[in-house]
């Protein structure tokens with residue numbers, strides 16, 4: 001395993017609490033932030049070409065050029 005997905009629970013919770021306080025919260029699903037885990041101490045052993053490929057996948061997911069088939 002090179003990395004893994006992480007949920008931005010702090011950001012999502014903060015956003016929902018702010019919306020609750022200002023009265024703008026709507027019912028339904030809330031899609032918050034997500035990302036990938038850092039390499040931490042293993043960055044030096046993960047080849048740069050692999051790190052670049054992972055970064056490219058993350059960028060593609062963010063900009064929509066990689067389709068997941070999931071509709072939010």
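Residue numbers (full-length UniProt numbering): 1 to 72.
For each residue, glycine too, the CB sits at the ideal point set by N, CA and C.
If you're wondering where the values come from, they're calculated on a predicted model, not measured in any experiment.
One alpha carbon belongs to residue 5, the other to residue 57, and they sit about 12 Å apart.
If you draw a straight line from the Cα of residue 68 to the Cα of residue 60, it comes to about 10 Å. Residue 35 is bridged by DSSP to 6. Counting only the Cα atoms, residue 14 lies some 10 Å from residue 8. For residue 63, the enclosing alpha helix (DSSP H) has its first and last residue at 48–63.
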